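Let me begin by presenting the structure, written as structure tokens, before commenting on it.
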Amino acid sequence: MRGFALAGAAAAICLLTGCATLISGGSQEVSFVSNPEGATVTVGERVLGKAPLTTRLDRKSGQTLNFEKEGYKPLTMELETTVNPWLFGNIICCGLLGSTTDAVSGGFYEYSPSQYLVTLQAAGTAPLEGPAAKSDAQKAKEFIVIGYGNLLNDLSAGEGSHLSSLFTMLDVPEENRGEAVQKIRALSEEYKEIPEFADQVIALYAKQP
37 MRGFALAGAA AAICLLTGCA TLISGGSQEV SFVSNPEGAT VTVGERVLGK APLTTRLDRK
97 SGQTLNFEKE GYKPLTMELE TTVNPWLFGN IICCGLLGST TDAVSGGFYE YSPSQYLVTL
157 QAAGTAPLEG PAAKSDAQKA KEFIVIGYGN LLNDLSAGEG SHLSSLFTML DVPEENRGEA
217 VQKIRALSEE YKEIPEFADQ VIALYAKQP
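The sequence shown begins at 37 in the numbering used here and counts up by one.
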């Protein structure tokens with residue numbers, strides 16, 4: 037009887053709050069990095085602060101992301117979302133009521149990507165000519181920020197495609213890569229903010245312009 041009661045309680049919570057919201061939450065941590073640093077980041081009409089920064093945002097679709105810095109052209113883009121994969125388990129477990137609750141609470145969506153690194157164009161200059169306009173250090177930093185989760189997995193395993201690509205970008209010799217794994221892993225444990233971690237790796241290995 038106690039088992040049935042617990043199952044009933046879980047189902048009630050699922051229906052009232054939405055399974056996806058209950059499991060993954062109605063908000064999500066998102067990181068913003070600008071080159072140059074110090075751009076004011078705005079989502080809709082809400083000023084989040086100056087990049088680099090990491091903050092939690094309520095999950096909503098159709099939000100506008102804006103970067104502004106004096107002396108540079110403002111950059112506006114859509115804060116991209118995808119359907120939260122927990123939603124499908126929610127429909128199976130709880131039916132349409134649970135999924136409707138998720139849509140209202142924000143659990144329906146997740147931000148993808150959850151890290152943004154943008155390069156602002158100086159006012160009065162010609163458009164940047166794609167990736168070639170970025171320095172090697174900037175490209176490596178963008179790679180770290182965007183692929184942060186995969187990079188952590190590779191660091192834990194001691195090897196992997198993301199880690200190998202990063203070493204290639206940073207020109208780390210093959211014979212030094214074992215030591216580099218240990219150093220970068222230590223940095224990841226010390227610096228939990230994604231932009232700060234990326235900066236530390238760049239300071240250690242990247243050739244500055």
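Even for Gly, the Cβ is constructed at its ideal location relative to N, Cα and C.
Please read all numbers here as calculations on a predicted model, not as lab measurements.
Task: One or two residues paired with Q64 in a DSSP bridge - done: According to DSSP, which records beta bridges pairwise, Q64 is partnered with L93.
Open item on the list: According to DSSP, simplified to helix, strand and coil, what is T161?
Closed with: Correct three-state label for T161: coil.
Task: Neighbourhood of R213 by C-beta distance below 7 Å, restricted to the same chain and skipping five residues each side - done: Setting aside the 5 residues that flank it on each side, R213 is surrounded in the same chain by F203, each with a C-beta closer than 7 Å to its C-beta; the list follows chain order.
Task: Buried versus exposed call for S67 [16 or more other C-beta atoms within 10 Å across all chains shown] - done: Burial is judged here by how many other beta carbons sit within 10 angstroms of a residue's own beta carbon; S67 has at least 16 and is buried.
TODO: Return the bridge partner residues of Q151 from the DSSP annotation.
DONE: In DSSP, Q151 forms a bridge with S67.
- [ ] Name the two residues that bound the continuous alpha helix (DSSP H) containing G214.
- [x] From DSSP, the alpha helix (DSSP H) with G214 extends over 213 to 226.
- [ ] Name the two residues that bound the continuous beta strand (DSSP E) containing E106.
- [x] Unbroken run through E106: none, as it is neither H nor E.
Open item on the list: Can you tell me whether E73 is helix, strand or coil according to DSSP?
Closed with: Three-state result, E73: coil.
Task: 8 Å Cβ shell around S233 - same chain, five flanking residues per side excluded - done: What sits at residue 233 in the sequence shown is Phe, not Ser. Around F233, the same chain offers I180, Y184, L223, S224, Y227 as residues with beta carbons nearer than 8 Å, after the five sequence neighbours per side are excluded.
TODO: Per DSSP, which residues does K86 bridge with? Please list them.
DONE: T76, per the DSSP bridge assignment.
TODO: Please decide whether L202 counts as near chain C, where near means a Cβ-Cβ distance under 8 Å.
DONE: The displayed structure is made up of one protein chain only, and chain C is not part of it.
Open item on the list: According to DSSP, simplified to helix, strand and coil, what is E81?
Closed with: Look at E81 here: in three-state DSSP terms it is coil, with no helix or strand label.
Task: Same chain, Cβ closer than 7 Å to G194, five either side skipped, listed in chain order - done: Excluding its 5 nearest sequence neighbours in each direction, G194 has C-beta neighbours in its own chain below 7 Å: V217, listed in chain order.
- [ ] Would you give the residue range spanned by the beta strand (DSSP E) that L111 belongs to?
- [x] Unbroken beta strand (DSSP E) run through L111: 111 to 115.
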